[in-house]
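Residue numbers (this note's numbering), protein chains in the order written: chain U, 46 to 482; chain Z, 46 to 482.
Right, dumping it as structure tokens:
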């Protein structure tokens, strides 16, 4: 085209980019980490780089923003950014810190604005669950109050799958796949041993208020005798007698029984079953318990069966080696969209997953107002839990199945271990006075 | 060649096979199952089929042989046999049943011979650990005493890696890989959360008498600050004060601490730390504990840190999805060799792994006398444990590293789950009177 112009056009100056928006994008990770939150970070950095926007990452979530502990992602190589997408954990550090209302925590919010001003932060992306959506919303309200031009975007993440509006939460699908695969594998073990050894196996799934991960275990089998034969949901009151009676029925029919229990199950009076522990051991020391240990103990004491139980704990949310491809794609999609929304000035929104079809599974990412997400908690629909309370329905399967579909293995080294990237987290020079959170 | 003969040779009769050895090969699985014991079974069946030898599998190990509950593997399709190689658990059922001496359990041994006679069993392959090697040895002695022509071969299997003579045990490498990968992943989680949440994480590894799996966790990191910063071995007396002091040192230096504890650690008086539990909860119920729960409780009580812990239990030995390729290859190699040894009449032997080079890793399979394997237990060499008792040495790394090398993913279905095969375990018609074990 240039050749047809009447005069030669100058080569573009590579040191200048007229499309570069002014300002800095601040990204931070919050709450319990997942197998794919770093994939979201990877997508955020890649999308911002493509638009020549500088990205700072707060160290340890909002805490790093308060402390002015900021990591300059421009020092990361393209390979490091790419490797983030297959690395579990929270590469920039996360935190559990819920800010109170604007008035109650005004000093903190004002400090945040000081830090944002000092580094010309114009876009703030907070990657987390309910509390983080709430924080992002409040920061945007404060910025408006102080006339500071800031676009706040909440980026969804939680293995608990309990965020409102979004059809599912990045991080859940991978934890769900870990759960379903682990339960299927353990079931084959218990089945093989049951004649002379373990008859009942209890698997404790994360989920203090919502039974999504326990439900995902239900994908491990479909037939009447398939494990898990019993699932206990926090959405249903735990009734010990009914539970033990069901174990008896299953062991009689199948020869063994695999129980999946949500850590958050409560009795009819609302007391957490996990708190039934907290006793003392034979040396008078505090004994930490948990739901699975308690249930296994009851099965052993009352029914006399040999029991085993597992508490996967953090393993279930960091198992990047068995991540769901669907989950990974969604985690990256919300990261890209978050940058797009932010740069387009869409304030106080969250990119959410919208499901348009179960089978074939189709989804898109749309913007939802943070006000609709923050401080809401999505529990399992009643229609997802079987009438007897011990399993999932076909509707639950239709919902859950696509979320664990596809494998997305990390690359492995010759040493047999995944090639996970660890960032050095060096922070840039502080410009403001020290601040102790 | 036929054309050059002075007269035409007849086509071989496809219904006849002159190379078919007479008799039946009986295969059985014993003890705790692994991610790859079915791979050994798959190799046994394939090797026997190639030599036109009929394979019966005892249901639930030696118990099925006693009960005359025998599965005819010739009804399995080639695809099923192949799929066995990527299916965890024990497809024919396993058992925990240790036979006593020939004199003490003579009735059982004679019953075994009756069953062997009834089904023309000429080769007996028992796939298990120490106890199974002992059983195979005793059965061979009995057969000799009764002049019954039988070749007994023990086939090694155990995630505990505690069999004598063999350099390593099929099943261990995959559990070791699961352990190292899980610890590396959990470490990234804890590192991200440590500023405001969990500071100490405790991982409980299987291994009642030998610390092999706990040692394998050491592969998760190599640097001074890498997890696991503390490993507790059953080969060293557990000293609570020294342990807690080390946690303090690590948390101060690293900011957090990941502890891997073998379930079998004992104090200086030889008492299992796991037995420190067994107390009562606040409702007066038996509280099941475990080493990780105990250690986490002590760290919480004495040091005041927020703790999390995990008890992977059966997940670590059934995790075929993260099996070691090396382990899988060895599991199949010992299966093939067991058939070869058996048909060659090598009695009372076990195919064992012989390591000929660490790097590049090279190994072969040789025959070892069962007398050298049975009832011996291989603990970790002292030179594999660091002087301070809290980690592994370079020698341990050289030994362990090759065992977790390579990935061997099972095929996954479109539903996001591994395509594991489940056999129906139908048994052939009994010819002897019923027998109750």
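Glycine is no exception: its CB is placed at the ideal position from the N, C-alpha and C atoms.
These numbers were taken from a predicted model, which means no experiment stands behind them.
Residue i to residue j span [Cα, whole Å]
{"i": "residue 388/Z", "j": "residue 191/Z", "result": "20 angstroms"}
{"i": "residue 354/U", "j": "residue 249/U", "result": "8 angstroms"}
{"i": "residue 182/U", "j": "residue 391/U", "result": "12 angstroms"}
{"i": "residue 291/Z", "j": "residue 275/Z", "result": "8 angstroms"}
{"i": "residue 455/Z", "j": "residue 376/U", "result": "25 angstroms"}
{"i": "residue 128/Z", "j": "residue 136/Z", "result": "11 angstroms"}
{"i": "residue 335/U", "j": "residue 442/U", "result": "27 angstroms"}
{"i": "residue 439/Z", "j": "residue 409/Z", "result": "23 angstroms"}
{"i": "residue 402/U", "j": "residue 206/U", "result": "19 angstroms"}
{"i": "residue 414/Z", "j": "residue 340/Z", "result": "41 angstroms"}
{"i": "residue 133/U", "j": "residue 79/U", "result": "6 angstroms"}
{"i": "residue 63/U", "j": "residue 176/U", "result": "At residue 63/U the pLDDT is 47, less than 50, meaning the model places this residue with poor confidence; the figure from the coordinates comes in the next sentence. Using only the alpha carbons, I get a separation of about 37 angstroms."}
{"i": "residue 91/Z", "j": "residue 252/Z", "result": "32 angstroms"}
{"i": "residue 407/Z", "j": "residue 400/Z", "result": "6 angstroms"}
{"i": "residue 163/Z", "j": "residue 259/U", "result": "48 angstroms"}
{"i": "residue 359/Z", "j": "residue 234/U", "result": "7 angstroms"}
{"i": "residue 231/Z", "j": "residue 95/U", "result": "32 angstroms"}
{"i": "residue 435/U", "j": "residue 420/U", "result": "29 angstroms"}
{"i": "residue 213/Z", "j": "residue 185/U", "result": "59 angstroms"}
{"i": "residue 202/Z", "j": "residue 196/Z", "result": "19 angstroms"}
{"i": "residue 425/Z", "j": "residue 288/Z", "result": "20 angstroms"}
{"i": "residue 382/U", "j": "residue 145/U", "result": "28 angstroms"}
Cβ neighbour criterion (16 or more within 10 Å) applied to residue i
{"i": "residue 87/U", "result": "buried"}
{"i": "residue 240/Z", "result": "buried"}
{"i": "residue 149/U", "result": "exposed"}
{"i": "residue 416/U", "result": "exposed"}
{"i": "residue 61/Z", "result": "Confidence at residue 61/Z is low in this model, with a pLDDT of 49, below 50, so its placement is unreliable and the value that follows should be read with caution. The residue is exposed, with fewer than 16 neighbouring Cβ atoms inside 10 Å."}
{"i": "residue 396/Z", "result": "buried"}
{"i": "residue 280/Z", "result": "buried"}
{"i": "residue 458/Z", "result": "exposed"}
{"i": "residue 75/U", "result": "buried"}
{"i": "residue 110/U", "result": "buried"}
{"i": "residue 156/Z", "result": "buried"}
{"i": "residue 297/Z", "result": "exposed"}
{"i": "residue 269/Z", "result": "exposed"}
{"i": "residue 365/Z", "result": "buried"}
{"i": "residue 120/U", "result": "exposed"}
Cβ-Cβ distance between residue i and residue j below 8 angstroms
{"i": "residue 20/Z", "j": "residue 113/Z", "result": "Absent from the structure is residue 20/Z, since the part of chain Z shown begins at 46 and ends at 482."}
{"i": "residue 273/Z", "j": "residue 262/Z", "result": "yes"}
{"i": "residue 351/U", "j": "residue 453/U", "result": "no"}
{"i": "residue 200/Z", "j": "residue 418/Z", "result": "no"}
{"i": "residue 311/U", "j": "residue 462/Z", "result": "no"}
{"i": "residue 308/Z", "j": "residue 321/Z", "result": "no"}
{"i": "residue 77/Z", "j": "residue 105/Z", "result": "no"}
{"i": "residue 356/Z", "j": "residue 356/U", "result": "yes"}
{"i": "residue 73/Z", "j": "residue 103/Z", "result": "yes"}
{"i": "residue 448/U", "j": "residue 372/U", "result": "yes"}
{"i": "residue 306/Z", "j": "residue 277/Z", "result": "yes"}
{"i": "residue 473/U", "j": "residue 115/U", "result": "yes"}
{"i": "residue 68/U", "j": "residue 198/U", "result": "no"}
{"i": "residue 107/Z", "j": "residue 142/Z", "result": "yes"}
{"i": "residue 450/U", "j": "residue 460/Z", "result": "yes"}
{"i": "residue 384/Z", "j": "residue 126/Z", "result": "no"}
Output needed in chain order: residues of the segment 213-233 of chain U with a Cβ under 7 angstroms from some Cβ in chain Z. Close to chain Z, meaning a Cβ-Cβ distance shorter than 7 angstroms, are the following residues of the segment 213-233 of chain U: 222, 225, 226, 227, 229, 230, 231, 233.
Interface residues of the segment 127-142 of chain U facing chain Z [CB-CB below 9 angstroms]: Listed by position, the residues of the segment 127-142 of chain U near chain Z (Cβ gap below 9 angstroms) are 132, 133, 134, 135, 136, 137, 138, 139, 140, 141, 142.
At which residue ranges does the segment 348-436 of chain U contain complete alpha helix (DSSP H) runs of 4 or more residues, listed in the order of the chain? Those alpha helix (DSSP H) runs which fall completely within the segment 348-436 of chain U and span 4+ residues are 360-363, 370-388, 415-418.
Of the residues that make up the segment 351-382 of chain Z, which ones have a beta carbon closer than 7 angstroms to any beta carbon in chain U? Cβ contacts with chain U come from 353, 354, 355, 356, 357, 358, 359, 360, 362, 363, 364, 365, 366, 367, 369.
Starting from the N-terminal side, write out each stretch of the alpha helix (DSSP H) that is 4 residues or longer and does not extend beyond the segment 160-210 of chain Z. Here the runs fully enclosed are 175-190.
When Cβ atoms are compared, which residues of the segment 405-438 of chain Z fall closer than 7 angstroms to chain U? Here the close residues number zero.
May I ask you to list, following chain order, the residues of the segment 464-480 of chain U that have a beta carbon less than 8 angstroms from some beta carbon of chain Z? Cβ contacts with chain Z: 465, 467.
Can you pull out the residues from the segment 81-102 of chain U whose beta carbon lies closer than 7 angstroms to at least one beta carbon of chain Z? Answer in chain order: no residues at all.
Scan the segment 100-121 of chain Z for residues whose Cβ lies nearer than 7 angstroms to a Cβ of chain U and list them as they occur along the chain. Against chain U - using a Cβ distance shorter than 7 angstroms - the residues of the segment 100-121 of chain Z are 105, 108.
Near-chain U residues of the segment 236-256 of chain Z (beta-carbon distance less than 7 angstroms), N- to C-terminal order: Legend: CB atoms of the segment 236-256 of chain Z lying less than 7 angstroms from CB atoms of chain U belong to residues 236, 237, 238, 240, 241, 242, 246.
Short-range partners of chain U found in the segment 258-272 of chain Z, where Cβ spacing is below 8 angstroms: When C-beta distances to chain U are compared with 8 angstroms, the residues of the segment 258-272 of chain Z below that value are 264, 265, in chain order.
What residues in the segment 144-157 of chain U have a beta carbon less than 7 angstroms from any beta carbon of chain Z? Listed in sequence order: no entries.
Which ranges does the alpha helix (DSSP H) cover as unbroken runs of at least 4 residues, wholly within the segment 250-287 of chain Z, from first to last along the chain? For secondary structure counted as the alpha helix (DSSP H) over 4 or more consecutive residues, the segment 250-287 of chain Z holds these complete runs in sequence order: 257-262.
Which residues, taken in chain order from the segment 438-457 of chain Z, show a beta carbon closer than 9 angstroms to some beta carbon of chain U? Hits within the stretch, in order: 446, 447, 448, 449, 450, 451, 452, 454, 457.
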